[in-house]
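This report concerns only the one structure given below.
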Amino acid sequence: MNNDNADRPMTPPVLPADDLEARSVRWPTVIGIISLVYGILALIGNGCGAASPFATPFFLQMSGMDADKLTMSPALVWVQVGSGVIGMVIAVVLLAGSVSLLRRSTRSLGILKTWVALAIVTTIIGIGLGFVFLDANVRYQLDIQDATRAMIKDRGGDPSQFPAKTAEEIKSQSRLMLAAFGLLPMVYPVILGFLLTNRTRSEQAMDWQE
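Using the working numbering, the first residue of the sequence shown is number 49, and each one after it goes up by one.
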């Protein structure tokens, strides 16, 4: 029994150090992954938005509508295409900042803050353009509605069964949609902006590599 005690080490076992610093900097991974996913979705969404003025008539024609009767205002076409292209460029900025943040680069916060500012400004401009071109958008929706009713009639159906809306009804609904959902794209940029301006996170980022 005494021999067993003699074989035991006299010093207490040393536990591995608790890496508190590693645990405290997990936020770049979390924010980086979320921003990366958000950026990919934004890139796809804006790409679809830029292509929609050209793709929508094509798909409507495939469904049996007379695409010649669908006339979108040239100004509205350029606004949608331009907004989509600009949105894609801004999404690339977010992707670059996200990858940089995952790599713990000191430049990441600057890139992401730039994206936050661009996203907020373009969202506000987009809402304004939505109201400016509201009438043109209403006319286009009326054209789609008329083409739908004509297609139903050509196929022997009853157009009266299609719930047609007046221009004022469409305009009223469009205003509500702009007011209710127009600011949604600003939610994540605002949240990210608050997270990135935290003093502790900024100090931690200063210790990263270029």
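The C-beta atom is built at its ideal place from N, Cα and C for all residues, glycine as well.
For residue i, three-class secondary structure by DSSP
i: SER121; result: coil
i: SER153; result: strand
i: PHE102; result: helix
i: THR77; result: helix
i: ASN246; result: coil
i: LEU232; result: helix
i: SER111; result: coil
i: PRO211; result: coil
i: PHE181; result: coil
i: GLY95; result: helix
i: GLY204; result: coil
Buried or exposed (CB count within 10 angstroms, at least 16 for buried), residue i
i: PRO105; result: buried
i: ASN246; result: exposed
i: VAL127; result: buried
i: LEU224; result: exposed
i: VAL270; result: No answer is possible for residue 270: the residues shown for the chain start at 49 and end at 258.
i: ILE159; result: buried
i: GLY130; result: exposed
i: SER156; result: buried
i: VAL235; result: exposed
i: LEU240; result: buried
Integer-rounded CB distance, given that residue j should sit under 8 Å from residue i
i: VAL78; j: PRO101; result: Not really, about 37 Å apart at Cβ, beyond 8 Å.
i: SER153; j: GLN252; result: At roughly 13 Å, the Cβ-Cβ gap does not stay under 8 Å, so SER153 and GLN252 are not in contact.
i: LEU118; j: VAL141; result: Wrong, their Cβ atoms sit about 34 Å apart, outside the cutoff.
i: LEU182; j: ALA215; result: About 11 Å; that fails the 8 Å criterion.
Residues near residue i in its chain [Cβ-Cβ closer than 8 Å; skip 5 each side]
i: ILE200; result: ASP206, PRO207, GLN209, PHE210
i: ILE175; result: LEU226, GLY230, LEU231
i: VAL238; result: VAL164, ILE168
i: LEU108; result: ALA115, LEU118, ILE192, ALA195
i: GLY93; result: GLY135
i: LEU243; result: TRP75, ILE79, ARG249
Which residues DSSP lists as bridging residue i, in chain order
i: GLN257; result: SER153
Residue i CB to nearest heavy atom of the ligand COA below 8 Å
i: ARG152; result: This structure does not include the ligand COA; it has no bound ligands of any sort.
Sequence-distant residues of the same chain with beta carbon closer than 6 Å to residue i, five excluded per side
i: SER121; result: ALA184
i: LEU84; result: SER146
i: TYR188; result: MET120
i: LEU91; result: MET136, ALA139
Residues of its chain near residue i, where Cβ-Cβ distance is below 7 Å and the 5 sequence neighbours each way are ignored
i: GLY80; result: SER146, LEU149, LEU150
i: VAL133; result: ALA98
i: GLY87; result: ALA139, LEU142, LEU143, SER146
i: SER222; result: LEU182, ASN185, VAL186
i: MET254; result: THR154
Proximity test, Cβ basis, 9 Å: residue i and chain D
i: LEU224; result: Annotation note: the requested chain D is absent from the structure, which comprises a single protein chain.
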